[in-house]
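Student:
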Amino acid sequence: MPTTTSTPASTPSPKVNRIGLPATDYRGAKTTLCAGCGHNAISERIIDACFEMGIDPHRFVKLSGIGCSSKAPTYFLGRSFGFNSVHGRMPSIATGAVLANRTLQALGVSGDGDTASIGLGQFIHLMRRNLPLIYIIEDNGVYGLTKGQFSATADLGAKQKSGVINELPALDTCALAVLSGATFVARSFSGDKKQLTAILKAALAHRGTVMIDVISPCVTFNDHEGSTKSYKYVLEHEEALQEVSFVPAFDDIAVDYDPGTTLDVTMHDGSHLRLRKLAQDFDPSNGQQALDVLTAAHQSGEVLTGVFYLDTTKPDFVQQLGLVGEPLAHLPEAVVRPPRAVLDEVMASLL
Amino acid sequence: MPTTTSTPASTPSPKVNRIGLPATDYRGAKTTLCAGCGHNAISERIIDACFEMGIDPHRFVKLSGIGCSSKAPTYFLGRSFGFNSVHGRMPSIATGAVLANRTLQALGVSGDGDTASIGLGQFIHLMRRNLPLIYIIEDNGVYGLTKGQFSATADLGAKQKSGVINELPALDTCALAVLSGATFVARSFSGDKKQLTAILKAALAHRGTVMIDVISPCVTFNDHEGSTKSYKYVLEHEEALQEVSFVPAFDDIAVDYDPGTTLDVTMHDGSHLRLRKLAQDFDPSNGQQALDVLTAAHQSGEVLTGVFYLDTTKPDFVQQLGLVGEPLAHLPEAVVRPPRAVLDEVMASLL
Amino acid sequence: MSTSTLDRDLAPAPAPASLLNDFSIQVATVNGSGSQSSNLVLLHTLFQMGIPISGKNLFPSNIAGLPTWYTIRASRRGYIGRKKEIDFLIALNPDTCRDDVQGLEAGASVIYDEPLKLSALRSDLTYYPVPFDKLVAPVCPVAKLRKLVRNMIYVGVAAHLTCMEMPEVERALRRQFKTKPKAADLNWAAIQAGYSFAREQFPQPDRCQLQRMDGTRGQIVIEGNAAGALGCLFAGVTVVGWYPITPSSSLCEYLIEYLKRYRRTPGGEATFACVQAEDELAACGMVLGAGWMGARAVTSTSGPGISLMSEFVGLGYYAEIPAVIFDIQRVGPSTGLPTRTAQGDLSFVATLSHGDTRHLVLLPGTVQECFDCGVAAFDLAERFQTPVFVLSDLDLGMNHWMSPPFTYPEKPMDRGKVLTAEDLRRLKGDWGRYRDVDGDGIGYRTLPGTDHPAAAFFTRGSGHNADAKYSEKGADYIANMDRLRRKWEGAREHLPAPLLEHDSSSGVGVIAYGSTHHGMVEALDQMREETDLDCAYLRVRAWPFARSVAEFVRRCQRVYVVDQNRDGQMYHLLLADLGPELGARLRSVRQYSGLPVDARSLSDAIRAQEAAARPLK
Amino acid sequence: MSTSTLDRDLAPAPAPASLLNDFSIQVATVNGSGSQSSNLVLLHTLFQMGIPISGKNLFPSNIAGLPTWYTIRASRRGYIGRKKEIDFLIALNPDTCRDDVQGLEAGASVIYDEPLKLSALRSDLTYYPVPFDKLVAPVCPVAKLRKLVRNMIYVGVAAHLTCMEMPEVERALRRQFKTKPKAADLNWAAIQAGYSFAREQFPQPDRCQLQRMDGTRGQIVIEGNAAGALGCLFAGVTVVGWYPITPSSSLCEYLIEYLKRYRRTPGGEATFACVQAEDELAACGMVLGAGWMGARAVTSTSGPGISLMSEFVGLGYYAEIPAVIFDIQRVGPSTGLPTRTAQGDLSFVATLSHGDTRHLVLLPGTVQECFDCGVAAFDLAERFQTPVFVLSDLDLGMNHWMSPPFTYPEKPMDRGKVLTAEDLRRLKGDWGRYRDVDGDGIGYRTLPGTDHPAAAFFTRGSGHNADAKYSEKGADYIANMDRLRRKWEGAREHLPAPLLEHDSSSGVGVIAYGSTHHGMVEALDQMREETDLDCAYLRVRAWPFARSVAEFVRRCQRVYVVDQNRDGQMYHLLLADLGPELGARLRSVRQYSGLPVDARSLSDAIRAQEAAARPLK
Ligand SMILES: Cc1ncc(C[n+]2csc(CCOP(=O)(O)OP(=O)(O)O)c2C)c(N)n1
Ligand SMILES: Cc1ncc(C[n+]2csc(CCOP(=O)(O)OP(=O)(O)O)c2C)c(N)n1
Ligand code: SF4
Ligand code: SF4
Ligand SMILES: [Mg+2]
Ligand SMILES: [Mg+2]
């Protein structure tokens, strides 16, 4: 079965991309994260995906909370605006930003502590609104920046470096996202270059909330024996739901695929997400089934990756609100300040 | 199939209950809620259940957030301590209170706004800890006390009195509770005296987090045509998953039941929760299945009631923390202030 | 039915001049009983008769069944603050009627529901027993409507007793029921029934009398929250993030109404986005996100919401993001008295959030200023790149105020220092977000989406240098903090200026702010007229203070600072700002019962302190 | 290997007296490189030699790879504040070494990694180039361990140059690696390698010299957060709700360690509950819930967490619930500089939350007081039934301080006014939660579970009367608020009293608080010794202030109030409290670079202001 991806793995990247920018224009400041941190690999994948998709950096915004993960946006797409806000509250900042300028592509980066502990309410409400945004959780099961305490995605029974055992069940952010209304829900692994890049590209083509939980080992505090978010554990327990590939709309290649084994989803921009079935028969348009496989994986201790849920039909929040096409932020005075007659009318009604 | 319940419906309440208190000792201050408010009916059911179970009022505590619903604890069990805290944060207050005195029975009362909007994060984290507590959401789909704005449990397409349509999907608090780790999850209706009383009694017999979402119409702001939380709508769309009855441990009656159609669950205190199957074959020990029926009901617009999930084996938070049996709050100085030798030991290690 | 059947000639003769167009009517009912329509009919009738009025609703934190008092004040001298004494009581609430009656001054009048049998309570009042149920039955055959219509009876009774012009009553009523002519007819019948009954039963006119005058021409009646909402509308707000809370909700609810009506493109698209957030933290975050993006964004809340916004406001201050936050104050601390008024958030808001912060705080004192501050706040937020607070309160925000019509904003919108792609080309990309190019502490910003390779910068609440790069250097931190302080100092003369409401050479001054103004004006007259104490009066309208505040204090020997809070928050802000030397002239006057401040309490309090300071003539 | 192979006789001769036991060593590395063990070996060696020391870690808000500086100060006079000048630099960070060297005063010494080639930078320093990689290789054959062991080389080099006693170095090292003898041996070999190398290469002794003295006998070395945790342990805390945040996390982490170790029943059951909450709101809520239930509960946080706790703290104040909240302050506003120190939350915390609030704030200045305040805070919280804040900071909380051992709390726990079932029977159930029976503003409370029909009451953050019934009455509100204020006023003399650290009749005074104390003590000596300016020094240890603060100010003409924040927060609290007359004597001195305040900057600042006030002799 031929599948195609546009990850650098299969085709060497050209000097410049389709909008004429070199890959270096997608890089950011030098990382200050630990060498080997999963978050750095995710930054690389974001750089790859944006470069290859020909994203215009100045039409891209990066938002984050607080944590090692939330620092990451400084280290990619340096030519894009970034906002490193406060702990757990990126979703609301992003909501305001996206509504104020619907024409930009927004990427939110969060950590598992940032999202599943302090930020849980905002996270779910963002999903519920289907705000057009890519939301990435760089998920290491611990609070990296505050030195290794368990987060709410730490698995039951996982062991801390100090030997302490986690006695609480993990919150599954993918299941929560499906349940709450996100329209594109996936899980990947920072070390899975091919899958993560393909998912990120598809995310860039989606209109609505994309929630990607990326398992991203913390080499300093959570990469030891007994951790369920270590490189070793994930490599041994990763189970891909599908083989994910992405054909961008501008790559005008007709590629054969077998509809019996591969599902082709046409994205909003005309590109194609191709999901080749692996173990099980799985329909990503069925939220119910998504919850099923997630619950099952949870019980078996598997790290299930892939695209769990995808709905390309649901209106996003900007559409729901019926916003004008131009950015609200840039509407001129003549449009946003009603004329004198309106004030007169209102005053007259109060006489 | 004979089933028995100890609700007043089937057996007239005696003058005093098994601990010798009259029903009036379970009443509270005169309600200041609107006449006909569902919340008042829930208060009545709580009074019934506590009276019939012979709960000792002084060993019972009531906690709430802010809202019409959160005012309700003033109107039942006036002889119990109550704490009307701040909006959406009852779970953390309850957590501290329960840990400080594990020997009291705690009941948390919240609203759908209180829980599913501002309080969502705390709600889920309480479920995750399986704190021994009965958590009741008096769910009317609106913010009653602030005059009728939609809450996050308002159904997609529900109509406000002013005609505004809700465009966001409802959060299903039962599904969230199941997903997060609560060990007893149910939904009922303020108007369903028999079911609600039986569930409340079972709740009093459970050890762990009990989450009961009670649909409770707001007669002032959400009882009109177009509402999906009106008396009319719920009466027309309620679908009971099971016929629920409860046999308390102290009611030493052996009652026959057909295990083919009725599931008997032995609760922590030796009492029995009897669930007689109605439409479908349903196993409340299976969280997966709970999510399935909830999702299905959601899609069909049904108000599905009953006990969705029940796990009588999981240790609660107090057990997990390995607390002493006596209330932490009352441990004497000799127990909580280590002796001088301990300070000497620590000081010696720092020399 | 027309009003012509009611004969003006039969109306009682005018009462003693003292209470002519100068008294207060209080309607004591149960909330949820629908009396608000009747009260508004009364209010508008007086207003239409040219009599200056104000209407204040004292309601419980509850939806139905608890005591509520609506007080209408008529004041021929134009006082619109609360009057302490009730001259005319309409007692309909069985739970409170005894207390209500006992609380009256001798000589007051009482309309009451006959079965309540109140006339035995005191002998120094004038009683008008009215059999409401008997009167309403024939007027309103549908029994379940009677509860609502019943309240109109007292409108008719009061109209007769106080000599309202019935055509104006009818006009007020029909205005009230504009969209429901049937209901209007029904209610009009009830009014007439009350009127006729009173005319027969109480031929003697009451001492509270009304007479047409020319005190309201061209004026409007509006709530401060509606005024604030209009301010936002005309400020060109585009993003609204809010969470319901009394007494703030109506600001956003009005705003949404206005936006829906006046801010759609011809194609019906919205030029605004309103989001009911999941809580106040989120509402504030949305506003900051939108402000960062370059939109004019607003939220409105009350005390508990302010507390919850603390962390985000600190971010806005330190990352320098425009935001407008209305705080419609209610009585704190904690949940406090959600339906009572106070000025208790002032000092908390002024330096909200951990670390050294100083915000811009506007203090509207009238509904017109709620409008003006609404407009100005956005200009200031964008000019100073910082959160701007508008501190209103329940009294100002939710009560009915008479006001001159608002004036259309003449100044074009000030979008502050924003560099476009063109600017950046001109500068050859050499710019830094937090550089103090103009020496006013205000940097230039670019907006996301600006098409220039050097446009982007990284916004953060952590340490940064003048070029918006992450920095932990002490020197960068100090430079940044000092610049922020400079920026704030520089705002003093750009905020709504203090108003010298009344000048005097007595050496005694008062400083008040916010809704206190209305009681203050009247209290000043009282002191001048009753005891010859002529205080100069400066009304402060913003923090940080303009230099003229110090000048005012310098010209006085003693300055009474009036606060509606326990701890004298404005007094302390002034003391801190003026320093000990001038600050020694300040005296604190505090009122914090939760009721709108009244002139009598104010003048009593000031006179008492002044008497201690020096014997009055 | 024993130390006997190292011959003390070969050690260089003592240096000029001026730097004998009186200098600072700064180790500049990259964080995550494991240098902290080496630094602690140095610190403890000096301490064991009887030389007063302090150790300060200046680290980035990041986990690995960024510049970090650890500074050890030896002070024969016992000064343990930060010293501004670095006398001895160990430069290992290629990214900062040039700046580090340029920042030195003339005459300083530099150990550096030879490849960095620093000696060309300046000619007025003494350089000790050390080939770290070459030296470590033979000592540590396992390549991947070298990164860690490498840092021990500089211990050996410095030991030789400054004449440390090698047996004490070894003792300090083995203490450090108590549980890992193999690692100890390896590291010891590295130290010796450094020592031998230095002895050969640098026979000349450095001017920074150490010599055994008797300045640390019986003392301990501890971080303030560990001390605070011990305070909680001995206060009998039972419920801990917390959320990680720098620089506060270690307090709860230490506390959890101590509780696990010392607070289990013989059967292994926990007499405590620690919960890592989902955020600071929840942490604070848990503390209030537990406090309401009658438990001693604590949380610890830093600025952002304080902001988030605002709403709950207002509830605690108004509903009168005991709670202990540590704020280990870092540099704000917003995220600010999470790993730098400040006193910037003081005024925010003092009146935290909307509405009129006033809290009890303890201000420990030493690690011992972190312990003592830890104990006292719980007594005060239960006595006054209110949240009590303990304001520490990063400097005090996370740095290493020498201190006398802590003293076991002699006073039994004060659980405050709690009525038991028996009490209620005696009172025949006639009590009211908020009645002011004793005239001190403090009511009696009952605890949930109390077995008496009249025991239960309803706790709420909304209006209530003296019997804890819901009330919206103005009179109830005022009575309650006035009582709360009375209660707060009454606490003045029950909080840790101001300490007159130094008296003088010069008429010039200083007031400082918190970690500023250590720089202050030294600055006073500097001023006295260098310019004959002998300031009296009052150290304030709590808010509200005891009356002795006013007495102190009254005895002075000018009082310098030292704050580690931009806006002079303590200055303003004092001005507000003392009033304008006495307040006029106050002068504000502010230091806010994020570094622990040093004596030189303080004495310079005070002298400059004092010179302007009157010429110094
Ligand atoms: C309000 C608030 N509380 C606490 C902190 C401290 N803090 C910084 S990062 C962090 C946790 C980060 O964990 P996560 O989101 O998982 O990111 P990671 O570092 O693991 O990538 C915490 C608790 C903070 N900055 N703000
Ligand atoms: C922090 C805060 N925000 C807002 C409010 C205002 N408020 C009071 S009750 C309420 C909503 C209550 O809705 P719900 O929980 O559904 O209770 P109901 O009244 O419908 O029973 C709100 C928003 C508040 N008290 N505190
Ligand atoms: S501490 Fe962990 S999460 Fe943080 S940068 Fe290092 S490896 Fe990454
Ligand atoms: S407003 Fe609605 S929720 Fe509130 S008391 Fe009335 S009926 Fe109940
Ligand atoms: Mg993490
Ligand atoms: Mg509700």
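Sequence order for the protein chains is P, R, Y and E. The opening position of the first sequence corresponds to residue 0 in numbering that gives the first Met the number 0, with each subsequent residue numbered one higher. The opening position of the second sequence corresponds to residue 0 in numbering that gives the first Met the number 0, with each subsequent residue numbered one higher. The opening position of the third sequence corresponds to residue 0 in numbering that gives the first Met the number 0, with each subsequent residue numbered one higher. The opening position of the fourth sequence corresponds to residue 0 in numbering that gives the first Met the number 0, with each subsequent residue numbered one higher. We treat Cβ as the ideally placed atom computed from N, Cα and C, and that holds for glycine.
1) Could you work out which residues of chain P lie near residue 166 of chain R, taking near to mean beta carbons separated by less than 7 Å?
2) Among Y:139, Y:591, Y:216, which one has its Cα closest to the Cα of residue 149 of chain Y?
3) By DSSP's criteria, residue 392 of chain Y is part of a beta bridge. Which residues make up the other side?
4) Determine whether the beta carbon atoms of residue 133 of chain P and residue 209 of chain P lie at a separation below 7 Å.
5) Thinking C-alpha only, which one of R:29, R:18, R:39, R:26 is nearest residue 217 of chain R?
6) Return helix, strand or coil for residue 242 of chain E, following the three-state DSSP convention.
7) Is it the case that the region 29-47 of chain R contacts the region 81-90 of chain R, given that we only count it when at least three CB pairs across the two stretches are under 8 Å?
8) DSSP three-state call for residue 200 of chain R: helix, strand or coil?
9) Could you check whether residue 416 of chain E and residue 443 of chain E sit closer than 7 Å to each other, using their CB atoms as the reference points?
10) Considering only the alpha carbon of each residue, which of E:102, E:97, E:104 lies closest to residue 116 of chain E?
11) May I ask you to check if the CB of residue 141 of chain R is nearer than 6 Å to at least one heavy atom of ligand 6?
12) Ordered along the chain, which non-local residues of its own chain (more than five positions away) have a Cβ less than 6 Å from that of residue 310 of chain R?
13) Tell me the rounded alpha-carbon separation between residue 559 of chain Y and residue 557 of chain E.
14) Check the C-beta distance from residue 276 of chain P over to residue 265 of chain P and give it rounded, since I have them as a contact under 8 Å.
15) Helix, strand or coil: how does DSSP classify residue 59 of chain P here?
16) Would you kindly report the start and end of the unbroken beta strand (DSSP E) that includes residue 91 of chain R?
17) Nearest to residue 564 of chain E by alpha carbon, out of E:128, E:340, E:185?
18) Nearest chain Y C-beta to residue 361 of chain R closer than 7 Å, yes or no?
19) Does residue 116 of chain P have its Cβ less than 7 Å from a Cβ in chain E?
20) Are any of the Cβ atoms in chain R nearer than 7 Å to that of residue 93 of chain Y?
21) I want to verify the contact list: residues of chain Y whose CB lies under 7 Å from the CB of residue 352 of chain P, in sequence order.
22) Kindly indicate if chain Y contains any beta-carbon less than 7 Å away from that of residue 332 of chain P.
23) Quick one: is the Cβ of residue 108 of chain R within less than 6 Å of any heavy atom of ligand 4?
24) Compute the distance between the beta-carbons of residue 523 of chain E and residue 501 of chain E, then report whether it is under 7 Å.
25) Please name the residues in the region 84-103 of chain P whose beta-carbon is closer than 8 Å to at least one beta-carbon of chain E, in chain order.
26) Consider the Cβ of residue 126 of chain R: report whether some Cβ of chain E lies at a distance smaller than 7 Å.
Tutor: In short, the structure shows the following:
1) 319
2) Y:139
3) Y:328
4) yes
5) R:39
6) coil
7) no
8) helix
9) yes
10) E:97
11) yes
12) 182
13) 28 Å
14) Between residue 265 of chain P and residue 276 of chain P the Cβ distance is about 18 Å, and since that is not below 8 Å, they are no contact.
15) strand
16) Counting along the chain, residue 91 of chain R falls outside any beta strand (DSSP E), though it belongs to the alpha helix (DSSP H) covering 89-99.
17) E:340
18) The requested residue 361 of chain R does not occur in the structure, where chain R is confined to residues 0 to 350.
19) yes
20) no
21) The structure shown does not extend to residue 352 of chain P, since chain P is modelled only from 0 through 350, so no value can be given for it.
22) yes
23) no
24) yes
25) 85, 86, 87
26) no
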